[in-house]
Amino acid sequence: MTSGKETKVINSGIIQIDKLRKIYRLGDEKVIALDNISLQIARGEICCILGPSGSGKSTLLNMMAGLEKPSRGSIIIRGHEISRMNENQLARFRQKYIGFVFQSYNLLPTLTALENVSLPLTFRGVKKGVRDKQALKMLTAVGLKKHRNHKPAQMSGGQQQRVGIARAFVSHPTVIFADEPTGNLDSKTSSEVMQLIVQMARQNQQTLVIVTHDAGVAAYADRIVHILDGNIAQIENITETREMKNEV
Ligand code: ADP
Ligand code: MG
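In terms of my numbering, the sequence shown opens at residue 68 and continues consecutively.
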């Protein structure tokens, strides 16, 4: 990491996406999921990727998380070019720096809430006593201390997503990616979940990238990146708008 270009990248954003393109091939057909995306996300920013179904949001998020390889372009997170990492490097990178929140919660059905939350710590080799203590602290923070011994099926959708949030934040990742985190929730539960996730990210200046098709969800962000047909259509600075409104 000594070249001038990379140093500049580190300074300009925790996530740096440059001319990103992703093409899927289905037989003879080419699907351009992402055409040409360049974007920087700052440390501690809450950034929302907003767009209709099929616009390329999940593709973009999956590539930021290193789950898929770009057809062209680069993604740099914390100064690391993740599109060049091998699977082992990626797995370690994710364990150390990245948390995920999923639309369908992705909790393990046979584990309790506490065990689900402590799972990322298990992968990091944290001892059981410490793990349980940290997981319980997180469950308490999301208001589910009493539910620590419940299995996912014994909780509502909103409660399961709060467990999902506790799990994403338990290892204090630098970046949290959330793909349609409120997609399966009613509107009241959605706003509770959004308030929680934003509050958790703000507390430790963590960077939060949320993908959604719901403008109501996007309103919680500092910045909304509108995507359409695999391109950025518009970038809206919400924080500045909010500050201007407050000044009036
Ligand atoms: P969104 O999350 O915004 O709904 P996606 O990123 O899932 O959109 O998909 C963007 C486009 O890429 C869509 O046209 C979709 O059908 C296509 N696509 C996504 N994943 C694949 C895949 N694995 N193979 C082929 N096409 C895909
Ligand atoms: Mg999607």
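C-beta atoms are modelled at their ideal positions from N, C-alpha and C, and glycine is treated no differently.
query	result
Opening and closing residue of the beta strand (DSSP E) in which I91 lies	At residue 91 the sequence reads Tyr, which differs from the Ile that was named. I82 to L93 is the extent of the beta strand (DSSP E) around Y91.
Residue from G80, I113, A158 and V197 with nearest C-alpha to Y287	I113
Coil, strand or helix - K97 by DSSP	strand
Closer than 7 Å: R140 CB and nearest the ligand ADP heavy atom	The amino acid at residue 140 is misidentified as Arg; the sequence shows Gly. No, the beta carbon of G140 sits no closer than 7 Å to any heavy atom of the ligand ADP.
Supposed contact pair L117 and T279 - C-beta distance, whole angstroms, cut 8 Å	6 Å
Proximity below 8 Å, CB of H217 to CB of A268	no
Where E247 falls, given that 16 or more other Cβ within 10 Å makes a residue buried	buried
Near the ligand ADP: L93 beta-carbon under 7 Å from a heavy atom	yes
For E148, three-class secondary structure by DSSP	strand
D85 versus L203 - alpha carbon distance	40 Å
V193 (DSSP reduced to helix, strand or coil)	coil
Y172 classed as buried or exposed, judged by whether at least 16 other C-beta atoms fall within 10 angstroms	buried
Three-way DSSP call (helix, strand, coil) for T274 in this model	strand
Check whether N298 and D102 have beta carbons under 8 Å apart	yes
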